[in-house]
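Beneath this line is the structure, given in structure tokens, with notes to follow.
Number of protein chains: 2
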Amino acid sequence: MSKKLTPRDKDYSKWYNELVVEANLAENSAVRGCMVIKPYGYSIWEKMQAELDSKFKATGHENAYFPLFVPKSLFEAEEKNAEGFAKECAVVTHYRLKTDPEDGSKLIVDPDAKLEEELVVRPTSEAIIWNTYKGWIQSYRDLPILINQWANVVRWEMRTRLFLRTAEFLWQEGHTAHATKAEAIAETEQMNNIYAEFAENFMAIPVIKGKKTESERFAGAVDTYCIEALMQDGKALQAGTSHFLGQNFAKAFDVKYASKEGGLEHVWATSWGVSTRLMGALIMTHSDDKGLVLPPKLAPVQVVIVPIYKGEEQLNQISEVANQLAADLRAAGISVKYDNRDTHKPGWKFAQYELQGVPVRLAIGPKDLEKGSVELARRDTLTKEFVAQTEVVDKITGLMVEIQDHLFNKAKSYRDNHITEVDTFEEFKEVLKAKGGFISAHWDGTPETENKIKELTKATIRCIPFDGEVKEGNCVFTGKKSAQRVLFAKAY
Amino acid sequence: MSKKLTPRDKDYSKWYNELVVEANLAENSAVRGCMVIKPYGYSIWEKMQAELDSKFKATGHENAYFPLFVPKSLFEAEEKNAEGFAKECAVVTHYRLKTDPEDGSKLIVDPDAKLEEELVVRPTSEAIIWNTYKGWIQSYRDLPILINQWANVVRWEMRTRLFLRTAEFLWQEGHTAHATKAEAIAETEQMNNIYAEFAENFMAIPVIKGKKTESERFAGAVDTYCIEALMQDGKALQAGTSHFLGQNFAKAFDVKYASKEGGLEHVWATSWGVSTRLMGALIMTHSDDKGLVLPPKLAPVQVVIVPIYKGEEQLNQISEVANQLAADLRAAGISVKYDNRDTHKPGWKFAQYELQGVPVRLAIGPKDLEKGSVELARRDTLTKEFVAQTEVVDKITGLMVEIQDHLFNKAKSYRDNHITEVDTFEEFKEVLKAKGGFISAHWDGTPETENKIKELTKATIRCIPFDGEVKEGNCVFTGKKSAQRVLFAKAY
Numbered sequence: 001m002s003k004k005l006t007p008r009d010k011d012y013s014k015w016y017n018e019l020v021v022e023a024n025l026a027e028n029s030a031v032r033g034c035m036v037i038k039p040y041g042y043s044i045w046e047k048m049q050a051e052l053d054s055k056f057k058a059t060g061h062e063n064a065y066f067p068l069f070v071p072k073s074l075f076e077a078e079e080k081n082a083e084g085f086a087k088e089c090a091v092v093t094h095y096r097l098k099t100d101p102e103d104g105s106k107l108i109v110d111p112d113a114k115l116e117e118e119l120v121v122r123p124t125s126e127a128i129i130w131n132t133y134k135g136w137i138q139s140y141r142d143l144p145i146l147i148n149q150w151a152n153v154v155r156w157e158m159r160t161r162l163f164l165r166t167a168e169f170l171w172q173e174g175h176t177a178h179a180t181k182a183e184a185i186a187e188t189e190q191m192n193n194i195y196a197e198f199a200e201n202f203m204a205i206p207v208i209k210g211k212k213t214e215s216e217r218f219a220g221a222v223d224t225y226c227i228e229a230l231m232q233d234g235k236a237l238q239a240g241t242s243h244f245l246g247q248n249f250a251k252a253f254d255v256k257y258a259s260k261e262g263g264l265e266h267v268w269a270t271s272w273g274v275s276t277r278l279m280g281a282l283i284m285t286h287s288d289d290k291g292l293v294l295p296p297k298l299a300p301v302q303v304v305i306v307p308i309y310k311g312e313e314q315l316n317q318i319s320e321v322a323n324q325l326a327a328d329l330r331a332a333g334i335s336v337k338y339d340n341r342d343t344h345k346p347g348w349k350f351a352q353y354e355l356q357g358v359p360v361r362l363a364i365g366p367k368d369l370e371k372g373s374v375e376l377a378r379r380d381t382l383t384k385e386f387v388a389q390t391e392v393v394d395k396i397t398g399l400m401v402e403i404q405d406h407l408f409n410k411a412k413s414y415r416d417n418h419i420t421e422v423d424t425f426e427e428f429k430e431v432l433k434a435k436g437g438f439i440s441a442h443w444d445g446t447p448e449t450e451n452k453i454k455e456l457t458k459a460t461i462r463c464i465p466f467d468g469e470v471k472e473g474n475c476v477f478t479g480k481k482s483a484q485r486v487l488f489a490k491a492y
Numbered sequence: 493m494s495k496k497l498t499p500r501d502k503d504y505s506k507w508y509n510e511l512v513v514e515a516n517l518a519e520n521s522a523v524r525g526c527m528v529i530k531p532y533g534y535s536i537w538e539k540m541q542a543e544l545d546s547k548f549k550a551t552g553h554e555n556a557y558f559p560l561f562v563p564k565s566l567f568e569a570e571e572k573n574a575e576g577f578a579k580e581c582a583v584v585t586h587y588r589l590k591t592d593p594e595d596g597s598k599l600i601v602d603p604d605a606k607l608e609e610e611l612v613v614r615p616t617s618e619a620i621i622w623n624t625y626k627g628w629i630q631s632y633r634d635l636p637i638l639i640n641q642w643a644n645v646v647r648w649e650m651r652t653r654l655f656l657r658t659a660e661f662l663w664q665e666g667h668t669a670h671a672t673k674a675e676a677i678a679e680t681e682q683m684n685n686i687y688a689e690f691a692e693n694f695m696a697i698p699v700i701k702g703k704k705t706e707s708e709r710f711a712g713a714v715d716t717y718c719i720e721a722l723m724q725d726g727k728a729l730q731a732g733t734s735h736f737l738g739q740n741f742a743k744a745f746d747v748k749y750a751s752k753e754g755g756l757e758h759v760w761a762t763s764w765g766v767s768t769r770l771m772g773a774l775i776m777t778h779s780d781d782k783g784l785v786l787p788p789k790l791a792p793v794q795v796v797i798v799p800i801y802k803g804e805e806q807l808n809q810i811s812e813v814a815n816q817l818a819a820d821l822r823a824a825g826i827s828v829k830y831d832n833r834d835t836h837k838p839g840w841k842f843a844q845y846e847l848q849g850v851p852v853r854l855a856i857g858p859k860d861l862e863k864g865s866v867e868l869a870r871r872d873t874l875t876k877e878f879v880a881q882t883e884v885v886d887k888i889t890g891l892m893v894e895i896q897d898h899l900f901n902k903a904k905s906y907r908d909n910h911i912t913e914v915d916t917f918e919e920f921k922e923v924l925k926a927k928g929g930f931i932s933a934h935w936d937g938t939p940e941t942e943n944k945i946k947e948l949t950k951a952t953i954r955c956i957p958f959d960g961e962v963k964e965g966n967c968v969f970t971g972k973k974s975a976q977r978v979l980f981a982k983a984y
């Protein structure tokens, strides 16, 4: 505990890994690529879940639960989706272990318990869900279906990193079915907007909304909308995606509906998701060399109170004030922890709560008792000031908003300063190397050019942005015509 | 829709299966033994989750998340646990599919992607969690650890039934670590009490608290505490279990702590869980031949309002009243649905909401407009009355409590009438056949007698009850000495 983190400018990646573990967010497990999400990390994820869930429900979606396993024959039904996920899926082949005849303390797979059909552990649930929707949809009256699922999924990634890329991760996946193309596209847009709004207003992470190019699309989608965030090291992170699936899955699973007009039509689909990857985005947007920095809306503990005392009598006097302040703050809807443990010194506690990103720290010592004050420290600015005890609740109520805004504005200003328009490929490479961030450049619209640029620079097209001026130009690489600038970046 | 269910007295099992599907709670999926939990069923589960989660948190537990997979070498570490679950576990052996060389549209398991060590899909998480706790526990200061996980688990059951026994199910599993035996036992008891309190006060299901016999214990536990409920067909259902695990897992995973006194001791453990099986208990405790009956605390929709009208003008007039009532009810914290769809007739709606167990139905027709009344129907008693519109909120606020109590009392009186003390084995068999329910009988305490009785009657010992008089006697089967009566029943 209170071990110093590697500074970000020395080794950003090492800083990240250390922070995740030291701040008690998550750790690696005995299962290759799978993480343990520790209580503190999980409580942040729970806050994200609650907020997203209420947004989904407010827009008419309901939760449901579909099987963990996808039979191989369903998995392979939508060709592109299957192709996209086949290379990285966990496959259940047997349903029993038995005692090893050579060593009674060991178990082996029972060869007599081989499944007739292998089961894929879901990497995403379009296949199993559309096979189910087939039974639910006969007529236009059965549409739309607006369902979300909170679940675990498995993608057998070879190189994993806590939260950012793990073999198993937690996510939500929305799967909707619509009578018309227009309605499905509107849903795709709506959910991408909800993600953007959530990222910006709840997580204080500024994002750019846009569309993926064909090569970056979800396997099986007609169009992938996304929100892209920028991390402190100049790399982009895809923070959420919303897919317009066209009729691809309806065709693969033969899902048709009788229209009002009496025809028989394939159903239109969307799917959309965000995952525990957002924890990585959160960390790499706000945190510093001292540890995690949390926006108040996401902080499991918003205010920590630390007593500074010698002897029990002094502690009792301080506790009286601290408990009263805690009660008043809680009554104002603020979550508070009073840490009066005698097993740790104040300095250790200060470092620990800084590491864990508690937005506001109050320290109360004997002098504060005399003066009726407390020392208030902000985690985001690392500034301190003395505040009268009578003003603490008002002050902190205001700070909750102020800190949230400050973190967003700081991240936004960093992000805005790291969108660079370039018009030559030399400049492209220079900016990428010197500064990173998003490079706004013209592109001729072909996967060939996109791939070439990726090969040469490791930068990919993060999105074709929705907002901002649309102006024609010439591709930064081939000089061919370009309809609008797109955003390149190296990415997580 | 609004299809009539098979009456319970004709075929209880068929009635159950039909109800689950017709009331939109769940259905079978394309994956053998795995269910789809539909939005209406899932929303009831969400209410259970929210209530349990707040009870867990109020007693100091935190949520976390551990991997879905358990490497075989960890799975087999605690011998009895391994033995108990090896026969029914899904095993991941490969991490990739590839295109079938004989049929380009098919996929096959890639033999080159065989895992070095097989992974078991968790049937329960003691193994993976205790392997993790090993890294978290050094000293008494690290204890207790009070963690809960909401997760999916897989047990490859051969005969499955929706909610009651499915290959994959949802549950919560608490896993705690303690410095002393006494503390672990107190935790085991506390959680069993929380389950009992939840079942009775939230789900309106009366339960009997007790201990399992050795043969019915959780694999790897020293003691299993449980709550047992009685279904309408006279069969018992285990509704929750809380296990005192002793030092079994600490020894299997070598988890020791430095005590205050300077010694090195193995840690004491508990685990406890309830699952989507509770949905089955809910259905079979309260429902009737018309469908689901829901206690108000669990009902996703507590009040439905159905307009009875001819023509748009009448509908508009009724809607004005209905919307006002809905708003007033919502302001009183009651969930309301106003179903003004013109695609379905009132009679169809009545049947549908009866099927889905909505506790209170209000119908408003043209005469009600004149009289300022509404027709109020209770789902639990199937009674109707007219209520003045001005009194609806008060009336329904009271009914929410009354219905909840009525359902509990009704179930309790049924349960109490189905606990029969017997003193001979003849009587045992007679009562079991004629009446079912719990049979309170003396037992000599041996697994042999327990097994014999099970073979002869299919009844098992559901629990050694905690409450009630403890009196010695003679075993109903062998005549040998018995310390107290235990409860036998056929069970789900």
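Protein sequences, first through last, are from chains A and W. Note that the first sequence covers residues 1 to 492 in the numbering used here. Note that the second sequence covers residues 493 to 984 in the numbering used here. Using N, Cα and C, we set each Cβ at its ideal position, and we do this for glycine too. Quantities reported herein were computed from a predicted structural model and do not represent experimental measurements.
Exercise. Taking Cβ positions, are T460 (chain A) and A434 (chain A) nearer each other than 9 angstroms?
Worked result: no
For this session: From the DSSP output, in three-state form, read off M776 (chain W) for me.
Result: helix
For this session: Report yes or no: is there a C-beta of chain W within less than 9 angstroms of the C-beta of N248 (chain A)?
Result: no
Exercise. Which residue from W:W760, W:K606 and W:I621 puts its Cα closest to that of A678 (chain W)?
Worked result: W:W760
Exercise. Got a sec? Which residues, its chain only, sit under 6 angstroms from R647 (chain W) by beta carbon, not counting five neighbours each side?
Worked result: E580 and P615
For this session: Please list the residues of the region 649-663 of chain W that have a C-beta atom closer than 7 angstroms to any C-beta atom in chain A, keeping them in chain order.
Result: E660 and L662
For this session: Let me know the secondary structure DSSP gives Y845 (chain W) once reduced to three states.
Result: helix
For this session: Could you name the residues of the region 83-95 of chain A whose beta carbon sits closer than 9 angstroms to any beta carbon of chain W, in the order they occur along the chain?
Result: E83, F85, A86, K87, E88, C89, A90, V91, V92, T93, H94 and Y95
Problem set entry | Straight-line Cα distance separating K743 (chain W) from T668 (chain W) | 15 angstroms
Exercise. If we count the other Cβ atoms within 10 Å of its Cβ and call it buried at 16 or more, is T762 (chain W) buried or exposed?
Worked result: buried
Problem set entry | CA nearest to the CA of N684 (chain W), picked from W:A643, W:F661, W:G732 and W:T652 | W:G732
For this session: Say whether chain W places a C-beta atom closer than 9 angstroms to the C-beta of Y16 (chain A).
Result: no
Exercise. Any idea which residues DSSP pairs T768 (chain W) with across the strands?
Worked result: T768 (chain W) pairs with nothing; no bridge assigned.
Exercise. Three-state secondary structure (DSSP) at K106 (chain A)?
Worked result: strand
Problem set entry | Residues, ordered as in the chain, of the region 20-36 of chain A that lie near chain W by beta-carbon distance below 7 angstroms | S29, A30, V31, C34 and V36
Exercise. For M776 (chain W), is the classification buried or exposed, using 16 other Cβ atoms within 10 angstroms of its Cβ as the cut-off for buried?
Worked result: buried
Exercise. With a CB to CB cut of under 6 angstroms and the five nearest residues on each side skipped, what residues in its chain are close to P346 (chain A)?
Worked result: V306 and I308
Problem set entry | Beta carbon proximity, F558 (chain W) to chain A, threshold 9 angstroms | yes
Problem set entry | Contacting residues, own chain, Cβ-Cβ under 6 angstroms from Y12 (chain A) (five flanking each side not counted) | D233
Exercise. Is the beta carbon of F1004 (chain W) less than 9 angstroms from the beta carbon of T768 (chain W)?
Worked result: With chain W covering only 493 through 984, there is no way to say anything about residue 1004 (chain W).
Exercise. Alpha carbon to alpha carbon, what distance is there between S139 (chain A) and A258 (chain A)?
Worked result: 4 angstroms
For this session: Please determine, among W:F980, W:F958 and W:D959, the residue with the shortest C-alpha to C-alpha distance to C967 (chain W).
Result: W:F980
Exercise. Is the beta carbon of L362 (chain A) less than 9 angstroms from the beta carbon of E375 (chain A)?
Worked result: yes
Exercise. If the cut is a Cβ gap below 8 angstroms, which residues of chain A does S535 (chain W) touch?
Worked result: E62 and N63
Problem set entry | Buried versus exposed call for M158 (chain A) [16 or more other C-beta atoms within 10 Å across all chains shown] | exposed
Exercise. Does the beta carbon of L52 (chain A) come closer than 9 angstroms to any beta carbon on chain W?
Worked result: no
Exercise. When you compare each of W:G552, W:I810, W:K946 and W:G825 to K863 (chain W) by their alpha carbons, which one comes out closest?
Worked result: W:I810
Exercise. Ends of the beta strand (DSSP E) at N740 (chain W)?
Worked result: Segment N740 to A744 is the alpha helix (DSSP H) holding N740 (chain W); no beta strand (DSSP E) there.
Problem set entry | Beta-carbon separation (whole angstroms), V885 (chain W) vs L821 (chain W), contact threshold 8 angstroms | 6 angstroms
Problem set entry | 8 angstroms CB neighbourhood of L599 (chain W) in its chain, flanking five on each side removed | L589, K590, T591 and D592
For this session: Please classify Q149 (chain A): does DSSP put it in a helix, a strand, or coil?
Result: strand
Exercise. Which residues does DSSP pair with D342 (chain A) in a beta bridge?
Worked result: Partner(s): none; D342 (chain A) has no beta bridge.
For this session: For the beta strand (DSSP E) holding W171 (chain A), just list the boundary residues, first then last.
Result: E168 to H178
Exercise. How big is the Cα-Cα spacing for M892 (chain W) and W171 (chain A)?
Worked result: 36 angstroms
Exercise. Going by C-alpha distance, which of A:A196, A:P206 and A:R485 is nearest Y225 (chain A)?
Worked result: A:A196
Exercise. With DSSP run on the structure shown, which of helix, strand or coil describes Y133 (chain A)?
Worked result: helix
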